[in-house]
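Worksheet for the structure shown next.
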Amino acid sequence: MPSRRAILATSLALPALLPRIAGAQSPDTRPVLRVAVQALPPTLEPLEAISNVGLRVTGNVFDTLWRRDFAAEARDGGQRLAPFLATALDQRDPLTWVATLRPDARLHDGGLMTSADVLSTFSAERMWGPQVQTFEGRVNFGHLAGVDADGPHRVVFRTRTPDAVMPQRLAAYGGWIHSAAAYAESGLQGLRARPIGTGPYRVASFQRDQRVVLDSHDEYWGGRPPARQVVFNVVPEASSRLAGLRAGDYDLVTNLLPEQIEGLDRNPTIEGVDVALDFAHILYYDTRRPFLRDARVRRALNHAVDTDSLGRSLWGPGFKPMRALQIPAFGDLYDANRRGLAFDPDRARRLLREAGYRGEELTIRIAPGYYLQMLQAVQVIQQMWLAVGVNTKLETRENLSLITQPGADIRPTSIAFRFPDPLGGGLAVHLSREYSLQQGGFWQPVRFNEIVDALRVATDPAERRRLFLALMDEFEAEAPALILYPVREYLAKRRSIRWSHPPLYFMDFRATALSFA
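Numbering follows numbering that gives the first Met the number 0, in which position 132 of the sequence shown is assigned residue number 131; successive positions increment by one, without gaps.
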């Protein structure tokens, strides 16, 4: 847990490392970065765009108060936090945190960011009140009791319960600061269509399902952005995205298959990028359905799937299995010896017999084009389930909203570790009572929720580890979902572009991450 002393930082060092390019009168020779993506978010409201397709855009429009230093994490391991829109974060007492804001962060509308913008971002209607606009606000900040200004450059956060990971929350999804004035004038619809933040790029245009154009925010406090403009174009087919890159239509393309980047190392102008993500795919069970009410059937389904061989076949030699919903970046809370519900077909058959399952058909419903490799994965899993006597039928739908409609037993979803702690993603977040699995009624646990509640307020490291281990035990006993594999992102880009991708779907086009030869 952070000390009560201020978490001091060299807050003004970043702009010094990013010298501005002088000469506003000279022609702007910076390039336009053209990105081909499989889809775009339906909205640019940052809480509503927390998705693999949304974070690519919103992460360049908004900044957070604190940030993860991905370069330091990649170099040194562990978890590294640094200042961003806040220059210091001080814990006054177990329930009070004070953020000191940098005075030079300019919004896209020309105004300077103040505490009013932070209060608007973290308002009760968006984050922590009884009726929030989207549940995503409550995921990280539902424990807030109030947010107040202490002058124009200081904000006081009050929590209902102690929080061991408040700095991590402020660096993660959800805490993107928007303009209070713009929000007061145009409300939620304005935030969805043309939001105003402090990020390195401002929204120039947004054509839903087609393209987003971001213009350089030349007064960005972190230094002039390296691209004059960033254009996200929707190209649904992966083969078409790659063909467009080869033809010179795009500079960077996303969401490719592993085999599509093979051989690019011999191409003189383009190259493949393989990124291991803090991200996982799962199949979740509707425990209300007749043949999935019994946890023994759900455990049998999990024991019947060889997720290690499945992952290697889909993701190639770089694949590393996920032992329960945890990542090594959890540090001392990570259980390296955890095997989860291991592949054991004989045990699966025994559990099915004990539960009285007699080969009844289970319906799997997916949206094939949304989650990379999901169709291939499910087809392999169907054969593994058939090998232990489980019959399944596969249904496909065009989008995610359609797969949640009644009538299916098994559906896919994704798990993002928003920050490297059990409270940042996985069991304590995505399977919690606030999230879609429980909100949709697919699973209604009791003891699991009690453990999550205890973990959220625990501050002693040993107690936090004990509770997290208990949470994984309870998940394995209840088996509400099948953990498939950690996900990798395969991209391709021009070799002239120097760019680093963090282990999240967030794409950073700031000068600290992007440059052009």
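Note that CB positions come from ideal geometry on N, CA and C, so glycine has one too.
Selected residue, minimal CA-CA separation from residue i, among the options
i: G77; options: Y333, L244 and G174; result: Y333
i: L255; options: Y249, D208, S238 and V377; result: S238
i: V164; options: K492, A512 and V456; result: V456
i: V154; options: A181, T86 and A512; result: T86
i: Q325; options: R74, R417, D285 and A376; result: R417
i: Y434; options: R55, E135 and V36; result: E135
i: A104; options: Q130, L426, F83 and L291; result: F83
i: A427; options: E462, S308 and V138; result: V138
i: D149; options: A335, L263 and L100; result: L100
CA-to-CA distance, residue j to residue i, given in whole angstroms
i: G53; j: V212; result: 14 angstroms
i: V387; j: Q443; result: 27 angstroms
i: R66; j: N390; result: 47 angstroms
i: A246; j: T268; result: 11 angstroms
i: R494; j: V34; result: 14 angstroms
i: P289; j: Y369; result: 28 angstroms
i: R19; j: D277; result: Per-residue confidence for R19 stands at a pLDDT of 47, beneath the threshold of 50, marking its modelled position as unreliable; the derived number appears in the next sentence. Each residue's Cα considered, the two are about 33 angstroms apart.
i: L300; j: G317; result: 26 angstroms
i: D507; j: A242; result: 24 angstroms
i: F329; j: E72; result: 12 angstroms
i: M525; j: D331; result: Examination of residue 525 is not possible in this model, given that the chain is present from 0 through 516 alone.
i: P40; j: D345; result: 44 angstroms
i: T28; j: R227; result: 8 angstroms
i: Y489; j: R240; result: 12 angstroms
i: A15; j: L481; result: At A15, the pLDDT of 45 sits below 50, so the modelled position is not reliable; the number obtained from the coordinates is stated separately. Approximately 48 angstroms between the Cα atoms of the pair.
i: T63; j: L313; result: 35 angstroms
i: V304; j: A170; result: 36 angstroms
i: V97; j: V233; result: 41 angstroms
i: S119; j: S178; result: 8 angstroms
i: F474; j: T286; result: 13 angstroms
i: I281; j: P501; result: 22 angstroms
i: A550; j: D92; result: Residue 550 lies beyond the residue range present for the chain, which begins at 0 and ends at 516; the question has no answer from this structure.
i: P30; j: L503; result: 25 angstroms
i: D250; j: G58; result: 19 angstroms
i: V486; j: Q372; result: 9 angstroms
i: D208; j: V36; result: 10 angstroms
i: A279; j: T133; result: 23 angstroms
i: E270; j: G310; result: 24 angstroms
i: L401; j: V131; result: 24 angstroms
i: V56; j: G189; result: 16 angstroms
i: A180; j: N51; result: 29 angstroms
i: D420; j: A323; result: 14 angstroms
Contact under 8 angstroms by Cβ, residue i with residue j
i: L143; j: W127; result: yes
i: G573; j: R157; result: The first residue shown for the chain is 0 and the last is 516, placing residue 573 beyond what the model contains.
i: A347; j: N398; result: no
i: L88; j: P166; result: yes
i: R168; j: L46; result: no
i: P194; j: V60; result: yes
i: I414; j: H429; result: yes
i: A453; j: L466; result: yes
i: V272; j: A491; result: yes
i: A510; j: G222; result: yes
i: G439; j: T412; result: no
i: I49; j: D116; result: no
i: P235; j: Y219; result: no
i: L483; j: T306; result: yes
Beta-ladder partner(s) of residue i, from DSSP
i: F205; result: V211
i: I365; result: T395
i: G145; result: R157
i: I482; result: I281
i: Q228; result: V31 and D214
i: L100; result: A85
i: Q404; result: Partner(s): none; Q404 has no beta bridge.
i: G271; result: A491
8 angstroms Cβ shell around residue i - same chain, five flanking residues per side excluded
i: A341; result: H302
i: R295; result: L350, L351, E353 and A354
i: R191; result: T42, L43, E44 and E47
i: R534; result: No statement about residue 534 is possible, as the shown extent of the chain runs from 0 to 516 and does not include it.
i: R210; result: L39, S204, V230, F231, N232 and V233
i: L94; result: A144, R157, T158, R159, T160 and P161
Residues of its chain near residue i, where Cβ-Cβ distance is below 7 angstroms and the 5 sequence neighbours each way are ignored
i: E477; result: A294, P444 and F447
i: P530; result: Residue 530 cannot be examined here, being either before or after the span of the chain that is shown, 0 to 516.
Cut-off 6 angstroms between Cβ atoms - residues of its own chain near residue i, not counting five sequence neighbours on either side
i: D68; result: R79 and A81
i: R201; result: H107, D214 and H216
i: Q381; result: T391
i: V230; result: R33 and V212
i: L422; result: V164
i: R497; result: S514
i: E359; result: F290
i: I499; result: The sequence given here places Ser at residue 499; Ile does not occur at that position. Same-chain partners within the cutoff: A512.
i: L374; result: P367
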